[in-house]
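Here is the structure we will look at.
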Amino acid sequence: MSRMEPVGIGRLAAVLGLVVAVLGGLALAKGAFLVGKHEGDTLHLVDMVLRMGLAGQVPHLDFMTPIGIGATWPIAAFVAAGFGVGHAFFAAQIAVALVLLLPTLLVARSRFPGWVGLAFGAYVMGLCLALVHGEANAVISPSMHYNRWAWALAYLALPLAILRPLPGATGRPALEGAVIGLALAGLALTKVTYFVALAPAIFLALALRRDWARLGLALGVGLLVAAAMTAGFGFDYWLAYVHDLLAVSRSTIRGAPGADYAEIITAPPYLLGSLGALALVIYWRQSGFKTEGLALLVALPGLAYITYQNWGNDPQWLILLAAFAITLRPDPGARSPEGWPLAAGLGAVALVLATAGAPSAINLFWSPLRHFNTPTDRLVPMIGKRAADADLLVSGARAYHVTEIRPADGPGQPYAAYAALLKAQDIRPEAQETEAVAELNGAALPDCEVGQGYGAVFDTWAKDLGAAGFGGAQIFVADLFSSLWLYGDFPPLAGGTPWYYGGTPGLAGAEHVLVPLCPLSAAARAAALEAVAQAGWRLEEEARGASWVLLRPVR
């Protein structure tokens, strides 16, 4: 097989099918999803999925979230069919992989030669089926699954736009344009950040090549998807989606989820990948691949922004760029103006990029096997409201061992002098984006946060409120999560938000406001109470427990 010869379709299909069968089968064979970290993110996901699957709610229209419907609808569909949340997650991952299998075959065979096509196709399936979002941390979690799905879509659109078909492959402009359009529409409906960051480079690459057939089909198919969504949910869906995105962009609760943008490019964990990406652009341009180099140069800031915006700052694009570098190389005799062999240089760049991306890639593929081998003897159901959801398990210690984080430099405490020193110099504690100390009707609330034991906290609140006669009520929770309804006889707050970003979403229809004495997020509690006051509501105390205060909102 020559270096540029496409891989055989039968061989490629067999490898991709094997990846889906092994990774998807390992997950299903365990019989439950074993959550090892990010319990708060998991509750956020479960909240959205059960709202959609059980109550028929629609994101943005019925509850506030910046996450698109594509991130949760596949899971919610299986919940509506009777699956528990754990098995619904597994089934949705397999369904997404199967939906993307044929487009992946198209991209892998038409743009990447030989073993590179095999590796590329397998990696896209791995992005769909992994049981961890990435990074090198081996602990299992469903958190940010939509980032993986979005990367899988990006891995389809970028090669079709930037790379020309291999010499031995048949170009299919109409089909490829449709795949680009569907992939971009999927990004917009899953996590719009990816669409905004990558669409300019994709459209630029097609326009520079005067590839009007693919560009026109991509735009047309994207508009058809938008029309179908409008026909199904109305134009108000888009207005609500934009409203949620703007609300989150203004939020003081959710700042940058990690390193700042400059660090994503220049900090030690990322610098090698950044230099490799720039070297790829330079070598492509020197090799005569002007259009490809320019399109990739335009794409790099967007790729870095996606990395910056995603929690964990995992540059999942490194493996794709490694495949680019090993695929598109000039003849062995071609040299740079400095006399360096360009083909060999691009091979070295591919090795650098693959090495930089290897820890995350290995973690993705290893996660289903690690999950399968995890013992279950010390695990408990994360939520117990529905018997079917007993297939979502978490460590008993993490669910029920409640820890609280409290400052030790407050008035009368051993290190109070140092707090005064910080205040005198107008220095705010690190990672505290808003003033976290809150008051309730003139009385200071405890300055603390729950660090662990979310299951015990929500279960206690639900039992206390039920025993006090407030079961079945619409309750606005002044905290980061509104997961109370997952643990007791309460409906989800109409118009609320599973994750608090600011404002008073759902308060107009709430009968009560729950204020935790020690919240999951002190900043979220403070911001929620401030927003309630600014909106003109008074809070009249109705009941008080050991860990909460319940109040009636009054205009």
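Numbers in my numbering are just positions in the sequence shown, counted from 1, shifted up by 561. A virtual CB, placed ideally from N, CA and C, is assigned to each residue, including glycine.
{"Check": "Buried versus exposed, by CB contacts within 10 Å (16 or more), Asn-924", "Outcome": "buried"}
{"Check": "Integer-rounded CB distance, given that Asp-1040 should sit under 8 Å from Ser-1082", "Outcome": "6 Å"}
{"Check": "Cβ contact check for the region 1046-1063 and the region 996-1005: 3 or more pairs under 8 Å", "Outcome": "no"}
{"Check": "Local conformation of Phe-825 per DSSP, three classes", "Outcome": "The residue you asked about is not Phe; residue 825 is Ile in the sequence shown. If DSSP states are grouped into helix, strand and coil, Ile-825 belongs with the helices."}
{"Check": "Residue nearest to Glu-637 in terms of C-alpha spacing, selected from Leu-622, Gly-1027, Ala-616 and Met-625", "Outcome": "Inspection of the sequence shows that residue 637 is occupied by Ala rather than by Glu. Closest by alpha carbon: Ala-616."}
{"Check": "Contact check, Asn-874 vs Ala-820, beta carbons under 8 Å", "Outcome": "yes"}
{"Check": "Distance between beta carbons of Phe-885 and Val-619, contact taken as under 8 Å", "Outcome": "No, Val-619 and Phe-885 are not in contact; Cβ-Cβ is about 38 Å, not under 8 Å."}
{"Check": "Distance CB(Val-998)-CB(Asp-1008) smaller than 8 Å", "Outcome": "yes"}
{"Check": "Nearest to Pro-1077 (by Cα), restricted to the options Leu-690, Ala-766, Leu-903 and Leu-1090", "Outcome": "Leu-1090"}
{"Check": "Proximity of Ala-911 and Ala-766 at Cβ, strictly below 8 Å", "Outcome": "no"}
{"Check": "Straight-line gap, Asp-772 to Asp-623 (C-alpha atoms, nearest Å)", "Outcome": "41 Å"}
{"Check": "For His-621 and Thr-852, the rounded distance between their alpha carbons", "Outcome": "39 Å"}
{"Check": "Range covered by the alpha helix (DSSP H) that runs through Glu-899", "Outcome": "Element bounds for Glu-899: n/a, residue is neither H nor E."}
{"Check": "Whether Leu-1075 touches Gly-1067 by CB criterion (8 Å)", "Outcome": "no"}
{"Check": "Backbone CA spacing between Thr-995 and Ile-570 [nearest angstrom]", "Outcome": "Note that Thr-995 has pLDDT 47, beneath the 50 cutoff, so the model's placement of it is unreliable and no number is given."}
{"Check": "For Leu-750 and Ile-763, believed in contact at Cβ under 8 Å, the rounded distance", "Outcome": "Not quite, the Cβ-Cβ distance comes to about 16 Å (not below 8 Å), so this is no contact."}
{"Check": "Which listed residue (Ala-985, Leu-983, Phe-1042 and Phe-1037) has its alpha carbon closest to that of Val-1011", "Outcome": "Phe-1042"}
{"Check": "Same chain, Cβ closer than 6 Å to Leu-983, five either side skipped, listed in chain order", "Outcome": "none"}
{"Check": "Contiguous beta strand (DSSP E) assignments of at least 3 residues, all confined to the region 631-659", "Outcome": "none"}
{"Check": "Local conformation of Leu-1111 per DSSP, three classes", "Outcome": "strand"}
{"Check": "Anticipated Cβ contact below 8 Å, Gly-597 with Ala-641, distance rounded", "Outcome": "Rounded, the Cβ-Cβ distance is 27 Å, inconsistent with contact."}
{"Check": "Backbone CA spacing between Tyr-979 and Leu-1111 [nearest angstrom]", "Outcome": "35 Å"}
{"Check": "DSSP three-state assignment for Ser-956, whether helix, strand or coil", "Outcome": "strand"}
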